[in-house]
Each structure stands twice: as C-alpha cells, then as structure tokens.
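Sequential numbering of the sequence shown, starting at 221, is according to my numbering.
Glycine included, C-beta positions come from ideal geometry on N, C-alpha and C.
These numbers were taken from a predicted model, which means no experiment stands behind them.
Remarks on the structure that follows.
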Amino acid sequence: MKFRGKEMIVWSLNNYLGLANHPEVRQADADAAKKFGLALPMGARMMSGNSNYHEQLEAELAAFEKKEDTILLNYGYQGMVSLIDLLCSRHDVIVYDAESHACIIDGLRLHPGHRYVYKHNDMADFEKQLQRATTLIEKQNAGGILVITEGVFGMAGDQGKLKEIAAFKTNYDFRLLVDDAHGFGTLGKTGAGAGEEQGVQDKIDLYFSTFAKSMASIGAFIAGDKNIIDYIRYNSRSQIFAKSLPMPLVIGNLKRLELLRTVPELKNKLWENAGKLQKGLKERGFDIGKTDSVVTPVYMKGGVEEATAMVMDIRENYHIFCSIVVYPVIPKGNIIYRLIPTAVHTDEDIQKTLEAFSATKKKLDAGEYKADAIPDMAEVTGKRFDYLREMPRNK
Ligand SMILES: Cc1ncc(COP(=O)(O)O)c(C=O)c1O
C-alpha cells in the first residue's frame, strides 16, 4: 500500500487470507459489477430484494457452518444491533462478556430487559451472572437467557471461552450467540471458526460473522436453526427496512467463500506468517499478551504523545504502517500496537517489521519520543507534523 506517496508494509488491514487482491476475487467482483451494476436488487429482501445468488450464498454458508440455515446481513455492526433488538423482549436476560465489541454493546442499549455483564473470559464470574439471570427468570416466570460472547476478541486476540461456556448448558438453560468476526476463516480445521476450533460448533445457537475480515469484503451473516433464522428473516429491522446486499457483493462473497473453503493454503500461510511474527516479537522481548489467534497485540509503556511520535517514526522512517491503541481506549501510560498478519505478508516484511520494532522500542525506552525530545519533524517530512511539538503534555 502507498501512504502519502511512500510504499508501506501494512499491518492494519482486515484481509487475513489475502483475498482482497486475489485475481479470482478481483475477476468475480468485476464481472458481477459489469453484469448487474450496483443498483440491483432494488428493494428490501422481503420485497423485491431476493435473488438466487442471495439464497445460494446463504445455503453455502449454512453448510459450511454446519447449521440448518443462514441469513445475510448488509453489515455486521448493524446486523448485530438489530439481532439483539429482535431476539430479546423485556422478560429476557442477556449475559455478556465485558470486552464485547461495540456492536454488541450498542445492541444491548436497545434491550428493555435486564443484562448482566461478566468479567472478560472469567468463568467463575460468568457462572455467578448466569445464576443471577436464572434466578430472575424463575422469579418472573417468563423469558429466557441469551449469552453473548466473541469467538476471538479483536484487540487482545484471545479466544472466547466457548467450550467452557457451552459446558454450562448441562446445568443452566440459555442460548448462546457468538460473534466470530475474527475466527471465521482463520480458526478451525476447515476455517469454520472458533466453534469448530474448540469442538463446540453444535452448542452455538447463533453463529454470527462479518465478511469484513477474512473475506475482505462487506456484509455479514447469522447461522442457526431454521426456525430461529426464519424468525430473524422476518423480524430483523436492519433487513426489512433496508435495501438488500447488492449483487456484486453477493457474487463476490460467493467467490471468496469458495476460496476460503477450497484453498486451505491461504489459512496455512496466514498462520505461518502469524507464527513467525509472534515468535520473532517474543524472542525480541516484546509482550504480546495472551493472544491465541492471529491477532497480534504488542504491549508497551508510554504516554499518548510518545505513542503518536513513535508510530509516526515507524511509518515515516521505517515505512511500516500499523495502528496503535492508546488512552482513553486503554489505561493511561499504556500503548498497544495492533498487528494484523495476512497470508500475503512476506518473510522480508516480517523481518523488517521486527527490526523496526526493536529500533523504535529502544528509542521509546530512552525517552526519545517525549514531546521535548521530538526532533523537528518538519525538516524530515514537511510542515504537516509540526502540531506534534505543540501538543499539550499529559501530566
Ligand atoms: C467483533 C466484530 N463484530 C462486528 C464487526 C462489525 O462488522 P462490519 O464491519 O461488517 O459492520 C466487527 C468489525 O468489523 C468486529 O470486529
């Protein structure tokens, strides 16, 4: 990718399997756009927005995820908000992981009933909240419990404890909804995701994923029992009151799914690259936390201004583009570089990145990125970075 005219090694793209520029994908996207344009279909799914291609994609996804049926969504974020809204009435209780993605949190805002949050991946607290929810349901004599978690938590890269949660089904009555945005295509023997990886795909009542990560596309889906999917199909406001997914996206997603299923080399290469990157970072003394997925966070200590200067140094002088997470998303004094490996990174990309990380970490530890130590960036890169020197210091 080029950024401000310079070629960069990028670790910030949702393109796990490298499908974004796969020649067959590009061809399928182009052919579908040529044949149908962006206009079709010209209505909501329930009205005039259905096509054989939409149904084919749903059938293929259902078979791949080993579920009875699937419904397509235009976007993951909107789809999840709408899903939580339609599934739960005021009598229902939602139990959810504290580090759930914004789409889950925003869906919860529409829930008129009770909700209990459990500490991230903490199974003792999960049971406590599940017990509270069960007591409430019994007292009300109405409603049910929906547990929501993620297959892979996108910031820290740790998998949701699906196996442990599923085991609670023996003693408690609840349904399980899993957002597997980062697991779909990257985890499990066939790439079916975190449920397959942990051997509990059949215990997931509703399996949700976006096409925005492994498929490098747009759209999302929910897979589950036919009667629930039918209910969602005719009650999801994000689908009944919105135009359905455009033909080029549906056809492009069919091609992506075909490659995801039939070319295991893509997932193998992704894991090979993630393994080299994570091993290299650990060998160089970096803290990558508890990731057990390809998502690779790198934890460092420093203020917001230092993080900003460091990310700029790594970008402008080492030509490596990656995203950082700082306060207020995480506690003050911490910095997370969030690296997303893909199947199309090369050994050279990984090596150069590791070297750049070591070099910039040394500067960070030596205080070279503190505001009063920042060199005149204007001399190197032009006037546009002058604001860095004027940034207020976080005391
Ligand atoms: C866990 C998770 N859920 C849902 C979404 C939203 O998906 P979409 O981009 O299709 O709206 C994302 C990010 O894209 C995500 O990381």
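What did DSSP end up calling R310 once you bin it into helix, strand or coil? In this structure, DSSP gives R310 a state outside helix and strand, which the three-state scheme calls coil.
Indicate the three-state DSSP secondary structure (helix, strand or coil) for I508 in the structure shown. Per DSSP, reduced to three states, the secondary structure at I508 is coil, with no helix or strand assignment.
If you follow the alpha helix (DSSP H) that N270 is part of, which residue opens it and which one closes it? Neither: N270 is in no alpha helix (DSSP H) and is coded neither H nor E.
What is the DSSP secondary structure of F605, reduced to helix, strand or coil? Confidence is the limiting factor: at F605 the pLDDT is only 46, short of 50, which leaves the residue's position unreliable, though a coordinate-based value still follows. F605: helix per DSSP, three-state reduction.
Taking all protein chains shown into account, do 16 or more other C-beta atoms lie within 10 angstroms of the C-beta of G202, making it buried, or fewer, making it exposed? Here the chain comprises residues numbered 221 to 615, so residue 202 is not present and cannot be evaluated.
Does DSSP put N235 in a helix, a strand or coil? Note: N235 maps to coil in three-state DSSP.
Proximity of F404 and S434 at Cβ, strictly below 8 Å: In this structure, F404 sits near S434, with a CB-CB distance shorter than 8 Å.
Please report the straight-line C-alpha distance between F541 and I229, rounded to a whole angstrom. Straight-line Cα distance between these residues: approximately 6 Å.
What did DSSP end up calling K615 once you bin it into helix, strand or coil? With a pLDDT of 29 at K615, under the threshold of 50, the predicted position of this residue should be treated as unreliable, though the coordinate-derived value follows. Note: K615 maps to coil in three-state DSSP.
Do A527 and L293 have their C-beta atoms within less than 8 Å of each other? No, they are not a contact pair.
Between which two residues does the alpha helix (DSSP H) containing K475 stretch? It spans M467 to T482 - the alpha helix (DSSP H) in which K475 sits, taken as one unbroken run.
Neighbourhood of G616 by C-beta, 8 Å cutoff - its chain only, sequence neighbours within 5 removed: This structure cannot settle anything about residue 616, because the visible part of the chain is limited to 221 through 615.
Given that a residue counts as buried once 16 or more other Cβ atoms are within 10 Å of its Cβ, and exposed if not, what is Y454? Exposed.
Where the alpha helix (DSSP H) through D399 begins and ends: Unbroken run through D399 is the beta strand (DSSP E), R395 to D399; no alpha helix (DSSP H).
Give, in chain order, every unbroken run of the beta strand (DSSP E) that is at least 3 residues long and sits entirely within the region 369-414. The DSSP assignment places complete beta strand (DSSP E) segments of no fewer than 3 residues inside the region 369-414 at 395-399, in order along the chain.
Measuring only the C-alpha atoms, how far is A279 from Y589? The alpha-carbon atoms of A279 and Y589 are separated by roughly 53 Å.
Is DSSP giving F461 helix, strand or coil here? Here F461 carries a coil assignment [DSSP, helix/strand/coil].
Evaluate the contact criterion for the region 230-243 versus the region 441-451: three or more CB pairs, one atom per stretch, below 8 Å. Contact between the region 230-243 and the region 441-451 is absent: fewer than 3 CB-CB pairs across the two stretches fall below 8 Å.
Can you say whether T482 is buried or exposed, counting buried as having 16 or more other CB atoms within 10 angstroms of its CB? Exposed is the call here.
Would you report the Cα separation of I304 and E370, rounded to the nearest angstrom? Taking the CA atoms as reference points, I304 sits about 14 Å from E370.
Sufficient close CB pairs (3 or more, under 8 Å) joining the region 502-511 to the region 302-322: Output reads no: the region 302-322 does not touch the region 502-511.
Member of K487, V245 and K583 whose CA lies at the smallest distance from the CA of M532: For the residues K487, V245 and K583, the minimum Cα distance to M532 belongs to K583.
Cα-Cα separation between A462 and K499, rounded to whole angstroms: One alpha carbon belongs to A462, the other to K499, and they sit about 45 Å apart.
Closer than 7 Å to a non-hydrogen atom of ligand 1 - does that hold for the CB of M300? Yes, the beta carbon of M300 sits closer than 7 Å to at least one heavy atom of ligand 1.
Going by C-alpha distance, which of Y557, T562 and E536 is nearest G222? For the record, residue 222 in the displayed sequence is Lys; it is not Gly. Distance from the Cα of K222 is smallest, within the candidate group Y557, T562 and E536, for E536.
Does the distance between the C-beta of T406 and the nearest non-hydrogen atom of ligand 1 fall short of 7 Å? Flag unset: Cβ of T406 not near ligand 1.
Own chain, CB closer than 7 Å to R310, minus 5 neighbours either side, in chain order: So the list reads P332 and G333, once near-sequence residues are dropped.
Would you identify the three-state DSSP class for S429, choosing helix, strand or coil? Strand, per DSSP.
Mind checking L330: buried by the 16 CB within 10 Å criterion, or exposed? The residue is exposed, with fewer than 16 neighbouring Cβ atoms inside 10 Å.
Residue nearest to E244 in terms of C-alpha spacing, selected from H340, R476 and V564: Nearest of H340, R476 and V564 to E244, Cα basis: R476.
Can you look up L559 in the DSSP assignment and give me helix, strand or coil? Assignment of L559 by DSSP, reduced to helix, strand and coil, places it in the strand class.
Within a Cβ cutoff of 6 Å, which residues of the same chain sit near G327, ignoring the five residues on either side of it in sequence? Closer than 6 Å at Cβ, skipping near neighbours: M300, V301 and I304.
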